[in-house]
Ligand SMILES: [Zn+2]
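Chains as they are written, first to last, in this note's numbering: chain A, 1 to 156; chain B, 1001 to 1306.
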């Protein structure tokens, strides 16, 4: 992260999610279930200049480490995001998110007539991640399509 | 190529595989005496969570003619499903008893899921509003027998484009065998869903939506006629107003091309007048009979690889 991008103070411990496509920060916040009533600091920067993406969003969360499930979901709305784990003001770990091939049990199929939406069936929704300019999810069972914009509405 | 394959969507198969299947079916059809009894000891189970006597009987007849045996889950309303057993458990149980399972369900994705949990092959015999792969194989088989090819033909598909799974499944197959043009003829309310239209656009299938078939009578090679159900209309008056426009009569037949054929997945109501049955263009009984051979070829190929 360049100095120029650091519009807010560095965090001591926590997570910085960088290289979120401009406009998707709020989707990431939704995935993380952040409501603003938490007792930790959250900084959301939107439309920051970026060499790589033109414009990008960025989120800093104090005292929180992301779970694998959350990282997987974020990779669907921000496939180029990098995750920085901060400890003692230092970047302790840094890795690029990689959208998985399939996403299982985290997002439900948008098709109400799909077997995976039937109650009392021991079946996990499974969606194939179709990678293109934007990510699209496709139900393995019924073939229904979920666009990148709709994803946060179907998180389980 | 076919051994142990599941049949979930027509899109699971390519040109070569389908043409191979049609040749197999034709061979079986040409044998006067059926001596293909090599499925002895094998059990086919039909599990029709949504009733369809014809399709079920057709699969059972195909299996019996090949020397195999059949089981049937029975009416969903009187089987254990009515007592609240879930679909997954039912399907697992059927898998223990059967060598091949044929499923029909109104929910989508059931057969793909069944194929995932079953050790034995699963055939989708109609599902949701989109898939009916064996019906499409039968439709294509009849067209292939008639025209010796499946490419570059003009189709007029008439009826409930929006809900009929036979139509949707047939349209999926147009990405495998490219038609010259497809006319989708239906009342405005029953036009193709957005998904189907974008599928055709994505696959470069030339199509046009019409509300009457009059202007394509001279042009189409294949007329694919389906039933229009009153229940599908939000306004019953609208149904009464349009229903006559989708009935094929002898007058229409006179205007058709010499070799044009009329297909129908059956059962029909009144969209094909019985007077049409004896015309040279009526191919729907031949199609239904061919369906038996096609399903025989399919079962035999899946269970023996032959
Ligand atoms: Zn689905």
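In this text, a Cβ means the ideal position worked out from N, Cα and C, and glycines have one as well. No experiment lies behind these values; they were computed from the predicted model shown.
**OP:** Could you tell me whether any non-hydrogen atom of ligand 1 is closer than 7 Å to the CB of residue 1151 of chain B?
**Re:** In the second chain, counting from the first residue as 1, residue 1151 of chain B sits at position 151. Checking the Cβ of residue 1151 of chain B against ligand 1 gives no.
Original post:
residue 140 of chain A CB to nearest chain B CB: under 8 Å?
Top reply: For the purposes of this step, residue 140 of chain A is taken as the residue at position 140 of the first chain. Chain B contact via Cβ: present.
Original post:
So residue 1091 of chain B and residue 1114 of chain B are in contact, right, with Cβ under 8 Å, and what is the actual spacing, rounded?
Top reply: For the purposes of this step, residue 1091 of chain B is identified with residue 91 of the second chain, where counting begins at 1. For the purposes of this step, residue 1114 of chain B is identified with residue 114 of the second chain, where counting begins at 1. Confirmed, about 5 Å.
Original post:
Interface residues of chain B around residue 122 of chain A at Cβ under 8 Å?
Top reply: Taking the first residue of the first chain as 1, we reach residue 122 of chain A at position 122. Here the neighbours are 1086, 1088.
Subject >> Any non-hydrogen atom of ligand 1 within 7 Å of residue 111 of chain A CB >> reply: Position 111 of the first chain holds residue 111 of chain A. Yes, since a heavy atom of ligand 1 falls inside the 7 Å radius drawn around the Cβ of residue 111 of chain A.
Original post:
Between which two residues does the alpha helix (DSSP H) containing residue 1250 of chain B stretch?
Top reply: On the second chain, residue 1250 of chain B is found 250 positions in, with the first residue counted as 1. Residues 1250 to 1255.
Original post:
Which residues in the same chain as residue 1164 of chain B place their Cβ atom closer than 6 Å to its Cβ, once the five residues preceding and following it in sequence are excluded?
Top reply: As a first step, residue 1164 of chain B must be located in the second chain, where it is residue number 164. Result list for residue 1164 of chain B: 1226, in chain order.
Original post:
Which runs of the alpha helix (DSSP H) spanning at least 4 residues fall entirely within the segment 1097 to 1180 of chain B, listed in chain order?
Top reply: 1110 to 1117, 1133 to 1147, 1165 to 1173
**OP:** Can you grab the Cα-Cα spacing for the pair residue 1281 of chain B / residue 1259 of chain B, in whole Å?
**Re:** Position 281 of the second chain, counting from 1, holds the residue named residue 1281 of chain B. Position 259 of the second chain, counting from 1, holds the residue named residue 1259 of chain B. Those two C-alpha atoms are separated by around 7 Å.
Original post:
Beta carbon of residue 105 of chain A: closer than 7 Å to some heavy atom of ligand 1?
Top reply: Start at 1 with the first residue of the first chain, and residue 105 of chain A comes out as number 105. False, no ligand heavy atom lies under 7 Å from that Cβ.
Original post:
Hey, would you say residue 1059 of chain B sits closer than 8 Å to residue 1071 of chain B, going by beta carbons?
Top reply: Residue mapping note: residue 1059 of chain B aligns to position 59 of the second chain, counting from 1. Residue mapping note: residue 1071 of chain B aligns to position 71 of the second chain, counting from 1. Going by C-beta atoms, residue 1059 of chain B is not nearer than 8 Å to residue 1071 of chain B.
Original post:
For the beta strand (DSSP E) that contains residue 18 of chain A, what are its first and last residues?
Top reply: For the purposes of this step, residue 18 of chain A is taken as the residue at position 18 of the first chain. Unbroken beta strand (DSSP E) run through residue 18 of chain A: 14 to 21.
Subject >> residue 1199 of chain B versus B:1299, B:1297, B:1172, residue with shortest Cα-Cα distance >> reply: Taking the first residue of the second chain as position 1, residue 1199 of chain B is located at position 199. Ranking B:1299, B:1297, B:1172 by Cα distance to residue 1199 of chain B puts B:1172 first.
**OP:** Could you check if residue 1063 of chain B is buried or exposed, using at least 16 other CB atoms within 10 Å of its CB as the buried criterion?
**Re:** Locating residue 1063 of chain B in the second chain gives position 63, where the first residue counts as 1. Result: buried.
Original post:
Residues in the segment 1106 to 1126 of chain B with C-beta within 7 Å of chain A's C-beta atoms, listed in sequence order?
Top reply: 1107, 1108, 1109, 1110, 1112, 1113
Subject >> Where residue 11 of chain A meets chain B, residues with beta-carbon distance less than 9 Å >> reply: Taking the first chain and counting its residues from 1, one reaches residue 11 of chain A at position 11. Here the premise fails: no neighbours, minimum Cβ distance about 44 Å.
**OP:** Using a cut-off of 7 Å between C-beta atoms, extract the partners of residue 118 of chain A located in chain B.
**Re:** For the purposes of this step, residue 118 of chain A is taken as residue 118 along the first chain, with counting starting at 1. Result: 1107.
**OP:** Closer than 6 Å by C-beta to residue 108 of chain A: which residues in its own chain qualify, once you throw out the five before and the five after it? Chain order, please.
**Re:** In the first chain, counting from the first residue as 1, residue 108 of chain A sits at position 108. Excluding sequence neighbours, residue 108 of chain A sits near 125, 154, 156.
Original post:
Near residue 1158 of chain B, what residues of its chain come up, given a Cβ to Cβ distance below 6 Å and the 5 sequence neighbours on each side ignored?
Top reply: Mapped onto the second chain, residue 1158 of chain B falls at position 158. For residue 1158 of chain B, where only same-chain residues beyond five positions count, the Cβ hits under 6 Å are 1185, 1213, 1225, 1246.
Subject >> Sub-8 Å separation of residue 84 of chain A and residue 18 of chain A beta-carbons >> reply: The residue labelled residue 84 of chain A in the question sits at position 84 within the first chain. The residue labelled residue 18 of chain A in the question sits at position 18 within the first chain. Cβ distance < 8 Å, so residue 84 of chain A and residue 18 of chain A count as in contact.
Original post:
Which residues in the same chain have their Cβ closer than 7 Å to the Cβ of residue 1037 of chain B, if we skip the five residues on either side of it in sequence?
Top reply: Here residue 1037 of chain B refers to the residue found at position 37 when the second chain is read from its first residue. 1066, 1067, listed in sequence order.
Original post:
Are there three or more Cβ pairs, one per stretch, closer than 8 Å when the segment 1119 to 1133 of chain B is compared with the segment 1102 to 1110 of chain B?
Top reply: yes
Subject >> Proximity below 8 Å, CB of residue 1217 of chain B to CB of residue 1255 of chain B >> reply: The residue given as residue 1217 of chain B occupies position 217 in the second chain. The residue given as residue 1255 of chain B occupies position 255 in the second chain. Cβ atoms of residue 1217 of chain B and residue 1255 of chain B: closer than 8 Å.
**OP:** Count the C-beta pairs between the segment 39 to 55 of chain A and the segment 66 to 75 of chain A that are closer than 8 Å, then say yes if the count reaches three, no if not.
**Re:** no
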